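Chemist: To convert a position in the sequence shown, counted from 1, into my numbering, add 1056. First the structure, then my questions, so here it is.
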Amino acid sequence: MGEHIKFTHLPTTAISDATGGHTNLSNAIKPLAEHFAIAGRAVTVRLPDGENGAVLEAIRLANEGDILVIDAKGNTNRAVAGDFVVSLAKGLGIQGLVVDGVIRDIAAILEMDFPVFALGTTVAAGNKNGGGQVNVPIAIGDIPIQPGDYIIGDIDGVVVVPEKDAPFIAKAAEDKLKKDELRAKEAHRNGKESILAYLDKVLKK
């Protein structure tokens, strides 16, 4: 993997604008708590339907600060992880989980304050018959994800930044954020008068 690019200070909305919105994950994948935010490199996991055994392998292989991105094929019947597995990930410094599937033991995970983004929850455990793969190309919906890509998530959703595009996207997102801050400051400079002037300008009146 190349140079590490920092995205921790950037909201997903600015990154999405910088990517043109082409790498946003489905808005069905939501954080378990509104304050959860992640920004780091992907360790990818591809699971057979209803399986979760490879998640343990991914936890063992991941580096501190990595994010497990789990392609569970959208299965909402069996959990890819529960509180014990999440405790192992947290104990090794993994930053969070993004799951195209569901998890369980929500109350305990929230108590751990460990960021999980998922389709929802279930009471059923996953099977451990094997067959999963770690650090292989995956896709969540129609968004491809490679090991080492950047994953950024917050209350607005999750966005993927391909590793090779990271320097350009980070700079573009920073520029967009500054531009938005200046626009807001200008639009509210003189109360209603400046708001109306801004709207007239945008609407070309």
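Even glycine gets a Cβ: it sits at the ideal position worked out from N, Cα and C. These numbers were taken from a predicted model, which means no experiment stands behind them.
Which two residues bound the contiguous beta strand (DSSP E) that contains leucine 1124?
Modeler: The residue labelled residue 1124 in the question sits at position 68 within the sequence shown. Counting along the chain, the beta strand (DSSP E) containing leucine 1124 begins and ends at 1123-1135.
Chemist: Considering isoleucine 1225, what are the terminal residues of the alpha helix (DSSP H) in which it resides?
Modeler: For the purposes of this step, residue 1225 is taken as residue 169 along the sequence shown, with counting starting at 1. Per DSSP, isoleucine 1225 belongs to the alpha helix (DSSP H) from 1222-1243.
Chemist: Kindly list the residues whose CB is nearer than 6 angstroms to the CB of arginine 1097, restricted to its own chain and excluding five residues on each side of it in sequence; keep chain order.
Modeler: For this step, residue 1097 is matched to residue 41 along the sequence shown. Closer than 6 angstroms at the Cβ level, and outside the excluded window around arginine 1097, lie Asp1122, Gly1204.
Chemist: Please look up how many angstroms separate the CB atoms of arginine 1134 and alanine 1084, rounded, as I've assumed it's under 8 angstroms.
Modeler: What you label residue 1134 is simply residue 78 of the sequence shown in a count that begins at 1. What you label residue 1084 is simply residue 28 of the sequence shown in a count that begins at 1. Not confirmed; about 17 angstroms, so no contact.
Chemist: List the DSSP bridge partners of glutamine 1189.
Modeler: Taking the first residue of the sequence shown as 1, we reach residue 1189 at position 133. Looking at the DSSP assignment, glutamine 1189 forms a beta bridge with Arg1102.
Chemist: DSSP on alanine 1095, reduced to helix/strand/coil?
Modeler: As a position in the sequence shown, residue 1095 is number 39, starting the count at 1. In the structure shown, alanine 1095 sits in a strand (DSSP, three-state: E or B).
Chemist: For a test of your reading of the model: does the CB of alanine 1253 fall under 7 angstroms from any non-hydrogen atom of the ligand GDP? Yes or no.
Modeler: Ligands in the displayed structure: none, and consequently the ligand GDP is not present.
Chemist: Considering Cα atoms alone, identify which of Ala1229, Asp1127, Val1172, Glu1107 is closest to glycine 1076.
Modeler: Looking up residue 1076 in the sequence shown gives position 20. Taking only the C-alpha atoms, the option nearest glycine 1076 is Ala1229.
Chemist: Note the first and the last residue of the continuous alpha helix (DSSP H) segment covering glycine 1147.
Modeler: The count along the sequence shown starts at 1 and reaches residue 1147 at position 91. First-last of the alpha helix (DSSP H) with glycine 1147: 1139-1147.
Chemist: Kindly indicate which three-state DSSP category leucine 1153 falls into: helix, strand or coil?
Modeler: Here residue 1153 corresponds to residue number 97 of the sequence shown, with the count starting at 1. Leucine 1153: strand per DSSP, three-state reduction.
Chemist: Alanine 1110 and valine 1099: beta carbons closer than 8 angstroms?
Modeler: Residue numbering aside, residue 1110 sits at position 54 when the sequence shown is read from its first letter. Residue numbering aside, residue 1099 sits at position 43 when the sequence shown is read from its first letter. It is not a contact, given that the beta carbons lie outside the stated cut-off.
Chemist: What residue does the alpha helix (DSSP H) around isoleucine 1165 start on, and which one ends it?
Modeler: As a first step, residue 1165 must be located in the sequence shown, where it is residue number 109. Residues 1162-1168.
Chemist: So, for glycine 1130: in the same chain, excluding its five sequence neighbours on each side, which residues have a beta-carbon less than 6 angstroms away from its beta-carbon?
Modeler: Here residue 1130 refers to the residue found at position 74 of the sequence shown. Hits under 6 angstroms: Asp1156.
Chemist: Is the beta carbon of aspartate 1210 closer than 8 angstroms to that of threonine 1079?
Modeler: Your numbering for residue 1079 matches position 23 in the sequence shown. Your numbering for residue 1210 matches position 154 in the sequence shown. Not a contact, by the Cβ cut-off of 8 angstroms.
Chemist: Do phenylalanine 1063 and tyrosine 1206 count as a contact pair if the criterion is CB distance below 8 angstroms?
Modeler: Along the sequence shown, one-based indexing puts residue 1206 at 150. Along the sequence shown, one-based indexing puts residue 1063 at 7. Taking 8 angstroms as the Cβ cut-off, tyrosine 1206 and phenylalanine 1063 qualify as a contacting pair.
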